Amino acid sequence: MIENRPWLTFVSHATLLLGIALVALPVWMALVASTHPASAFGVGHIPLWFGDSGVDTWKTVLLEKAGNGIDTPVFFMMLNSLIMALGITFGKIAISLLSAYAIVFFRFPFRDLCFWIIFMTLMLPVEVRIVPTYEVVANLDLLNSYTGLTLPLIASATATFLFRQCFLSIPGELVEAARIDGAGPFRFFFDILLPLSRTNIAALFVILFIYGWNQYLWPLLITTDDAYYTLVMSIKRMLSVTDGDIAWNQIMATTLLAMLPPVAVVIGMQKLFVKGLVDSEK
Amino acid sequence: MYKFKLASVVIGMSLAGSALAATEVEWWHAMGGANGEKVNEIAKAFNDSQDAYSVKPVYKGNYTETMTSAIAAFRAKQQPAIVQVFEVGTASMMAAKGAIYPVHQLMRESGQPFDESTYLSAVTGYYTSSEGKMLSMPFNSSTPVLYYNKDLFKKAGITQAPKTWQEVETTAKKLQQSGVSCGFTTAWQSWVHLENLSSRHNVPFASLDNGFGGLKTELTFNGPLQVAHVKKMGEWQKSGVFSYSGRTNDGAAKFYSQECAMFTESSAGYAGIKRNAKFEFGVTELPYWEGKVKQPSNTIIGGASLWVLQGHSKEEYKGVASFLSYLSRASVQADWHQFSGYLPITKAAYSLTKGQGFYAANPGTETGVTQMTTGTPTANTKGLRLGNFVQIRGVIDEELESVWSGDVDAQTALNTAVKRGNALLRKFERAND
Amino acid sequence: MTVTFPQKGLPWLLLLPQLLVTAIFFLWPAEQALEQAFYQEDAFGLSREFVGFENFIDLFTDPLYYQSMLTTLFFSFSVAILGISVALLLAVMADRVIRGKLAYQTLLIWPYAVAPALAGVLWWILFDPSMGPIALWLNSAGVDWNHYLNGNQAMILVVIASTWKQISYNFLFFLAGLQAVPRSLIEAASIDGASPFKRFWTIVFPLLSPTTFFLLVVNLVYAFFETFGVIDATTKGGPGQSTNTLVYKVFEDGFVGLDLGGSAAQSVVLMGIVGLMTVIQFRFIERKVQYS
Chain X
16 MIENRPWLTF VSHATLLLGI ALVALPVWMA LVASTHPASA FGVGHIPLWF
66 GDSGVDTWKT VLLEKAGNGI DTPVFFMMLN SLIMALGITF GKIAISLLSA
116 YAIVFFRFPF RDLCFWIIFM TLMLPVEVRI VPTYEVVANL DLLNSYTGLT
166 LPLIASATAT FLFRQCFLSI PGELVEAARI DGAGPFRFFF DILLPLSRTN
216 IAALFVILFI YGWNQYLWPL LITTDDAYYT LVMSIKRMLS VTDGDIAWNQ
266 IMATTLLAML PPVAVVIGMQ KLFVKGLVDS EK
Chain S
42 MYKFKLASVV IGMSLAGSAL AATEVEWWHA MGGANGEKVN EIAKAFNDSQ
92 DAYSVKPVYK GNYTETMTSA IAAFRAKQQP AIVQVFEVGT ASMMAAKGAI
142 YPVHQLMRES GQPFDESTYL SAVTGYYTSS EGKMLSMPFN SSTPVLYYNK
192 DLFKKAGITQ APKTWQEVET TAKKLQQSGV SCGFTTAWQS WVHLENLSSR
242 HNVPFASLDN GFGGLKTELT FNGPLQVAHV KKMGEWQKSG VFSYSGRTND
292 GAAKFYSQEC AMFTESSAGY AGIKRNAKFE FGVTELPYWE GKVKQPSNTI
342 IGGASLWVLQ GHSKEEYKGV ASFLSYLSRA SVQADWHQFS GYLPITKAAY
392 SLTKGQGFYA ANPGTETGVT QMTTGTPTAN TKGLRLGNFV QIRGVIDEEL
442 ESVWSGDVDA QTALNTAVKR GNALLRKFER AND
Chain D
9 MTVTFPQKGL PWLLLLPQLL VTAIFFLWPA EQALEQAFYQ EDAFGLSREF
59 VGFENFIDLF TDPLYYQSML TTLFFSFSVA ILGISVALLL AVMADRVIRG
109 KLAYQTLLIW PYAVAPALAG VLWWILFDPS MGPIALWLNS AGVDWNHYLN
159 GNQAMILVVI ASTWKQISYN FLFFLAGLQA VPRSLIEAAS IDGASPFKRF
209 WTIVFPLLSP TTFFLLVVNL VYAFFETFGV IDATTKGGPG QSTNTLVYKV
259 FEDGFVGLDL GGSAAQSVVL MGIVGLMTVI QFRFIERKVQ YS
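Protein chains in written order, with this note's numbering: chain X, 16 to 297; chain S, 42 to 474; chain D, 9 to 300.
1) Determine whether the beta carbon atoms of S:Phe-253 and S:Arg-471 lie at a separation below 8 Å.
2) So if I threshold CB-CB distances at 9 Å, which residues from the region 25–58 of chain D count as touching chain S?
3) Quick one: does S:Tyr-285 have its CB under 8 Å from some CB of chain X?
4) Just reading off the alpha helix (DSSP H) that D:Pro-218 is part of, what are its end residues?
5) With DSSP as the reference, label S:Met-175 as helix, strand or coil.
6) In its own chain, which residues sit with a C-beta less than 7 Å from the C-beta of S:Gly-352, not counting the 5 before and 5 after it?
7) Please list, in chain order, the chain D residues whose beta carbon lies closer than 9 Å to that of X:Leu-164.
8) Excluding the 5 residues preceding and the 5 following S:Thr-414 in the sequence, name in chain order all residues of the same chain whose CB lies nearer than 6 Å to its CB.
9) Buried or exposed for X:Val-70, please, with buried defined as at least 16 other CB atoms from any protein chain shown within 10 angstroms of its CB.
10) In or out: S:Lys-232 buried (at least 16 other Cβ within 10 Å) or exposed?
11) Can you pull the chain S neighbours of X:Thr-239, defined as C-beta to C-beta under 9 Å?
12) Could you give the C-beta distance for D:Met-101 and X:Ser-111, rounded to a whole number, given that I count them as a contact under 8 Å?
13) Where do the ends of the alpha helix (DSSP H) carrying S:Glu-67 lie?
14) Can you tell me the Cα-Cα spacing of X:Phe-125 and D:Ala-169, whole angstroms?
15) Tell me whether the beta-carbon of D:Phe-236 lies closer than 8 Å to the beta-carbon of D:Phe-259.
16) Kindly list, in the order they appear in chain D, the residues whose Cβ is closer than 8 Å to that of S:Gly-313.
17) Rounded to whole angstroms, what's the CA-CA distance from X:Lys-107 to X:Ala-170? Just pull it up for me.
18) DSSP on D:Ile-106, reduced to helix/strand/coil?
19) X:Leu-236 touches chain S at which residues, Cβ-Cβ below 8 Å?
20) What residues from the region 236–254 of chain D come within 8 Å of chain S, judged by C-beta to C-beta, listed N to C?
21) Below 8 Å, can you find three or more Cβ-Cβ pairs linking the region 305–321 of chain S to the region 18–28 of chain D?
22) CB-CB under 7 Å to X:Phe-203, same chain, minus the five flanking residues each way: which ones, in chain order?
23) In this structure, does DSSP put D:Ile-164 in helix, strand or coil?
24) Check whether the region 360–373 of chain S touches the region 387–396 of chain S, taking contact to mean three or more Cβ pairs, one atom from each stretch, closer than 8 Å.
25) What residues of chain X sit near D:Lys-16, judged by a beta carbon separation below 7 Å?
26) Do you know offhand how far X:Leu-40's Cα is from S:Pro-98's?
27) By the DSSP assignment, the beta strand (DSSP E) with S:Met-303 in it spans what residues?
28) Is there a Cβ of chain X sitting closer than 8 Å to that of D:Phe-259, yes or no?
29) If contact is defined by three or more beta carbon pairs under 8 Å, each pair taking one atom from either stretch, is the region 44–63 of chain X in contact with the region 251–269 of chain X?
30) Using 8 Å as the threshold, is the region 84–99 of chain D in touch with the region 174–181 of chain D, meaning 3 or more CB pairs across them?
31) How would you write the range of the alpha helix (DSSP H) that S:Asn-237 sits in, first residue to last?
32) What residue from X:Leu-33, X:Phe-178, X:Leu-272, X:Val-289 has the CA that sits closest to X:Ile-118's CA?
33) In the DSSP assignment, the beta strand (DSSP E) including S:Ser-95 goes from what residue to what residue?
34) Within the same chain, show all residues whose beta-carbon is closer than 7 Å to that of X:Met-248, passing over the 5 residues directly before and after it, in chain order.
35) Thinking C-beta only, is S:Val-271 closer than 8 Å to S:Val-444?
36) Could you tell me the distance, in whole angstroms, from the CA atom of X:Lys-290 to the CA atom of X:Ala-218?
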C-alpha cells in the first residue's frame, strides 16, 4: 500500500459490493420468482421475497417435466447439454491440436492457405448462414442426433490459433534434441507436445465447455425429438406459449438450473478459466 | 427417487420401442402450456382407440417457429406428415402446390367418409379453395372479443358493456375518473384493430376479395375507416383510454392486474382469463363504429389449421386421414372447444356443447361463435388470403407502434405499411407464379 | 525458425479432420448462400428463378437496411463503452483493496458463463412493464417504462442485458492489466504528491490503453455477432425496427420471413465484413505476437 486513505478504501469496497449486487440482481429475482406459484405472476407484480412453493416447483422441473410445452425433465436435458458441451469441447481440442501440429511442425504446399481457411471460420456465426447449414446437416441425415448437435460446431479457429502460438513458443532445441533421440512425429506429439500443452488444454476446456453448453439456436433448429432437447434452447420453447399462460416460476427455475453447470465450472476452475480467457483472446 | 425416475424413463423408452409396430404419424404443433397438454391427451386418446397408427405430437414453439421449421424440414425432406399452421400462413401453404396434400383429396383417396357440409362455413371458408374444397383441416380457430372487468365497471357506476367504439371511449373516461389508469389494452393489434375492424365494417382489407381472387391482390387498409380508427387509438394511447402492451397477448397481465379494465383479445383467451382474473369479468362482442355501419358484419377467424405435407407413404396418409376424422368427431371437438375456448369446427360439436349446457354455465363462451356466424359472410368478411402475410403483419406491427409512440401520424403510417406490404405481396406473386 | 519434420503426407492427414469439418459445415453452406443470393425462390424450394444482382440492389436501396446498420453500430458501441467503463471502475476498485480481492473477483466473473438468451430473459422480466420490479420502480419514480412501445427503452434493455455478461470479461482483463502496472511508478508519483485520482489518469490509464483498445475490438465483435440470443429471447428486433441488428435481420428475413434470396444477399455482405475484419484482426494479432 502506497498510503493509507481509509475513505478511499471504504469507497472501493462499497463500489465493489454495489457492483456485485447489480450483477447478482437478475439471479436473485429468478430465485425468488421460482418459489411462488404460477398464479402469482398473472396478477401483476413479481413478488420481492421468497414464497413457499419453491421445493415443489424445483422438484417438478428437475425430475418430472420442465413445463410450458416441454415434457422432458430438466435433469434429462442436462444430460443432453452435457453430451453436447463435452462433444464440442473434446472435438474442438482434438482437431485443433492436430491441425496446429501440422501447421507448425511440417512444411507442405498451401500451408498458409489452410491456415487462412481455418481462420475464416472464426467469426461468422451460425445464425447468418442458418438455412444452408441446416440443409447440409439434414442432407447428411444428422437431424435429431448428437452428431448433428456437435459436429458442425467443432471447427474452431480460436483453439487452433492458441495451440499454434503455444507450439511456436517451444524452443527449437527441444525439438532438435527429440529428433536426435530418434523420436518420430508420433512420439514427439505424445511425449513432448501433449505434456507441454496440458495447462493450455485445461484452460481451453473451461472456455469451450461454456461455449458448448450455451448453444442456443442450433439445437433449437435441428431437434424435433425431445430426447435430444438441450437445456438452454428449451427456454425459448417455454417462453412462446400460444393462447395460454406462461408459468414463470418453472421458467425461472429452469433458467437457474441451465446456468448452474457453466457457472460452477467457472467458479470451481477460476484460475484455469482466467488463463483460458486471456490466452484464447490474445 | 432419482434412480427410480431414470429407470422409468428407460422403461418408457423401451415401451415406445415396442409400440413402433403401429405406423407413426408425426404432428408438429404450436400449442404450449395447458393447450399443449390437451393436444398430447387428444393424440393419446386417438392412439389408444386403435392399433394401426400412432400420432406423435411435437411442440415446435410459437406459430411462426412451427411453420418455418416445417418449411425448412420440407426443403431438407424431413417434414412431418401434419403441421399446424396459423391463419396468416394459409396463402403460403396454399401456393405451395407440390408441398401440400389437400385434405379433401387425402380423405377421398384414403377412403375416409368426409362431408364438407357438416363443418361451420365461417371457419372452413378461410381454408377452402376457390372451388370450395377444403385444403386444410381447421383445428383451433378463434375470433376477437372484448373482455371487461365487471368489478371495476361497477365501481365506476357503469352498468352496460360498450357496444361501439364511441361507448368504449366514454366508458374508459368514466373508468379513469374512478381511478382506473387504463381503459383498454389489446392483444394481436393487426388482427383485431385492422383485419377484424375491416371485416366488422364490411370494408376490404385488400383488393381482389381480400386476396381470395388471386395473387395480384393489393393492400387497401389505408382507407378512411381504418385511418380514423388508428388515429383515434393513437390519441387514446396518449390519454390513457388505450394502453399498448406488445404485439402478442402480453397485455393479459395488465388486464389481470386490473390496471386495464377492458381487453380486446382472442376468444381463445377465455380459459387463461378465467384462471387468472381475481375479479368478475364479462365477454362481449368486438365493438364497431356507430354511424360507419348499420349492422356490424361477422368477424373473421384467427388461429390455425392442420396441413398435410407431401412425401410420406400411403400407409401414413391413411393414418393421417383417420386421425383427422377422429378430430372432427363431435365429442372430440366439443371437448377441445370447451377446454380451450377455441371455436367448434362442426355444427354437431356446436349443438352438442349447447345441449350439454356449457354456454349457460359459462356465460361469455358463446359470444365468439355467435359473433362470427352472424349474417352471411361477404367478400370482405370471408377471411384474408395474402402471401408473405407473416412479414406483412410484422410490417403492420412496426407501423402501428410508430403511431402509438406518437412518432408518425395514422395516415402516413398506414400508407407506409401498405406500400411495404405491397412490395412483399409482389415478391410472393413472383416467387409463386 | 521452428524445426520441422520432413513427412509430406502426414500433415495433410493431421489437418484432414479440421479441414473436413470446415469444408462441410462452413464452406459448403457459405457457397450455397452465395449461390442463393442470385436467385429468388419460394419458401418450399419448389421453384427458383435467377435474378442476377437484384437481391443486392433491393438490399442497398432499402432504407431499412441502412437503419439496421446504424442500429447495429449504435448498439455495439453502447455495449462496448458501457461494459468497458463499468468493468474499469470495478477493476480499479478491486485492485485497490487488499482484503477479499479473490472473493470479489469470484463474485464478479460468473455472469460470463451465462448464455446470452438466458441473460436476456432475466433482464426482460426485471424490466417487464406490467410485472417487472425495476419497471414498476421506474414507473413510481415517474419514468413511463414500456419497452414494448418505446424503441429507445427497448434498446437500453438489450444493451444492459448484453453488457451484463461482458462486464466479467472486461473486468478480468483490466485487473490483469492493472496488476502489470509497475508499483515503482505509482510510488514515485505518490511521493511527488499526486492524488490517487490524478495518478490514475496520468499514469495508470495510459498504460492500460492497449488493453482498452483490445477490449473495445473484442466487445464490438461480441455485440455484433454474439448477441443473437439476447435479442431473440427478448425484443425480436422490435418495437418497430429499433433493435433489429444486422445479424438478427439475416435470421429474421431468412428463417422467419422466408425471403431466402434477400437473406442470402445479406449473408454475403456480412461474410464480406467478416473477411475484412478477419484480415484486420489477423494483422493486428500477428504484430502483437511478434512484439511479445
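Where is the CB? At the ideal position from N, CA and C, for every residue including glycine. A quick note: this is a predicted structure, and the numbers were derived from the prediction, not measured.
Working from what's here:
1) For the 8 Å CB-CB criterion, S:Phe-253 and S:Arg-471 do not form a contact.
2) Contact residues of the region 25–58 of chain D toward chain S are Gln-48, Glu-49, Asp-50, Ala-51, Phe-52, Gly-53, Leu-54, Ser-55, Arg-56, Glu-57 (C-beta to C-beta distance below 9 Å).
3) Judged by the 8 Å Cβ criterion, S:Tyr-285 is not in contact with chain X.
4) DSSP places D:Pro-218 inside the alpha helix (DSSP H), whose first and last residues are 213–233.
5) The three-state reading of DSSP puts S:Met-175 in strand, counting E and B together.
6) Around S:Gly-352: Lys-118, Gln-120.
7) Result: empty, since nearest Cβ-Cβ is about 12 Å, beyond 9 Å.
8) Excluding positions up to five away in sequence, the list reads Ala-163.
9) Looking at its Cβ environment, which holds fewer than 16 other Cβ atoms inside 10 Å, X:Val-70 is exposed.
10) Here the sequence assigns Trp to residue 232 of chain S, which means Lys is not the residue at that position. Label assigned to S:Trp-232: buried.
11) Residues of chain S passing the Cβ test: Glu-67, Trp-69, Val-99, Lys-101, Ser-110, Ala-114, Gln-119, Pro-121.
12) 37 Å between Cβ atoms; not a contact.
13) Following the DSSP letters along the chain, one finds S:Glu-67 in no alpha helix (DSSP H) but inside the beta strand (DSSP E) bounded by residues 64–70.
14) Distance from the CA of X:Phe-125 to the CA of D:Ala-169, rounded to the nearest whole angstrom, comes to 43 Å.
15) Result yes, Cβ atoms of D:Phe-236 and D:Phe-259 sit closer than 8 Å.
16) Neighbours of S:Gly-313 on chain D: none; closest Cβ ~15 Å, over 8 Å.
17) Each residue's CA atom was taken as its position, placing X:Lys-107 and X:Ala-170 some 6 Å apart.
18) DSSP places D:Ile-106 in coil when its eight states are reduced to three.
19) Near X:Leu-236 (Cβ distances below 8 Å), the residues of chain S are Ser-110, Ala-113.
20) Among the residues of the region 236–254 of chain D, those with a Cβ less than 8 Å away from any Cβ of chain S are Gly-246, Pro-247, Gly-248, Gln-249, in the order of the chain.
21) The region 305–321 of chain S, when compared against the region 18–28 of chain D, does not touch it at the 8 Å Cβ threshold.
22) Hits under 7 Å: Ala-193.
23) Reduced to three states, the DSSP call for D:Ile-164 is helix.
24) Touching, per the Cβ criterion.
25) Correct list: Phe-123.
26) The C-alpha of S:Pro-98 is placed about 38 Å away from the C-alpha of X:Leu-40.
27) Following the DSSP letters along the chain, one finds S:Met-303 inside the beta strand (DSSP E) bounded by residues 301–307.
28) A Cβ of chain X is located within less than 8 Å of the beta carbon of D:Phe-259.
29) A contact between stretches requires three or more CB pairs, one per stretch, nearer than 8 Å, and the region 251–269 of chain X meets this requirement with the region 44–63 of chain X.
30) Yes: the two stretches touch, three or more of their Cβ pairs being nearer than 8 Å.
31) S:Asn-237 -> alpha helix (DSSP H) spans 237–241.
32) Here the closest residue by C-alpha is X:Phe-178.
33) Counting along the chain, the unbroken beta strand (DSSP E) around S:Ser-95 starts and ends at 94–100.
34) Non-local C-beta neighbours of X:Met-248 in its own chain, meaning closer than 7 Å and more than five positions away in sequence, comprise Tyr-231, Pro-234, Leu-235, ordered along the chain.
35) In this structure, S:Val-271 lies closer than 8 Å to S:Val-444 by Cβ.
36) For X:Lys-290 and X:Ala-218, the distance between alpha carbons rounds to 6 Å.
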